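Presented below is the structure to which this report refers.
Residue numbers (this note's numbering): 4 to 176.
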C-alpha cells in the first residue's frame, strides 16, 4: 500500500524487510543511534546529526538510525537499545521535529560524507562539474517575456480576462 507514496523508490520497497521487534531489526548492526530530543533517563553519548554521520562513515560494519513514531518519539527501552543518541540542536521553544524532517536531516548529513561517485555504486545528485553560462541580463529576459505576452495576447490566450494577471505572474516565475 506504500507504492503510490514512494515515488521512484520502488527498489527500496522491494528490498524492505519487516521485523517483529526493533531488537530484531538492528540485530546485525554494530552501531545504533537513537534519534531523540530527550535523553529519557539513559546515559549515552550525544551527537549532532553531522557528528553521527561522520562516525557512521568511519566505522566498520552496519550502523542504524532509529526513529520513533511522530506523536510520541522513541520509547525509553528503544533509546536504551542504542549505543548513542542523535539530537538536532533546535530552538528549545519548538522542541521537536516531525518524522519526515528528522529523517531528511539525518539522510542529508549522511549523504555529505559519501565519496564522490557514490556509495555502493549509487551516485548522489550534485551540481555539475562544468561551469554554467551566466543567466541572461534582466533587460533581455524582460524583452523575451514582453515578446511572449504580445504573441499570446494576439492568439487570444488570456481568457478568461480575470485570469490574465495570474497568468502573467506565472510567466515571470
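Note that CB positions come from ideal geometry on N, CA and C, so glycine has one too.
The model shown is predicted, which means the values in this text are computed figures rather than measured ones.
- Note on residue 16: under 16 other CB atoms within 10 angstroms of its CB, so exposed under the neighbour-count rule.
- Under the rule that a run must span 3 or more residues, the beta strand (DSSP E) segments found entirely inside the stretch 59 to 128 read 66 to 69, 87 to 89.
- The three-state secondary structure of residue 152, taken from DSSP, is helix.
- Just measuring C-alpha positions, the residue of 33, 53, 45, 111 sitting nearest residue 64 is 33.
- With 16 or more neighbouring CB atoms inside 10 Å of its own CB, residue 112 falls in the buried class.
- Below 8 angstroms, too few C-beta pairs join the stretch 140 to 150 and the stretch 76 to 89 to call them touching: fewer than three.
- Only exposed fits residue 14, as fewer than 16 other CB atoms lie within 10 angstroms of its CB.
- Within the DSSP bridge table, the entry for residue 49 names 88 as partners.
- Taken through DSSP and simplified to helix, strand or coil, residue 37 comes out as strand.
- Distance from the Cα of residue 94 is smallest, within the candidate group 74, 107, 40, for 40.
- Of the residues 78, 136, 68, the one whose Cα lies closest to the Cα of residue 106 is 68.
- In the three-state DSSP reduction, residue 13 falls in the helix class (H, G or I).
- Exposure of residue 51 is indicated by the presence of fewer than 16 other C-beta atoms within 10 angstroms of its C-beta.
- In the three-state scheme derived from DSSP, where H, G and I count as helix and E and B as strand, residue 167 is classed as helix.
- The C-beta separation of residue 150 from residue 56 comes to about 49 angstroms, leaving the pair out of contact by the 8 angstroms criterion.
- With a threshold of 16 other beta carbon atoms within 10 Å, residue 173 falls short and is exposed.
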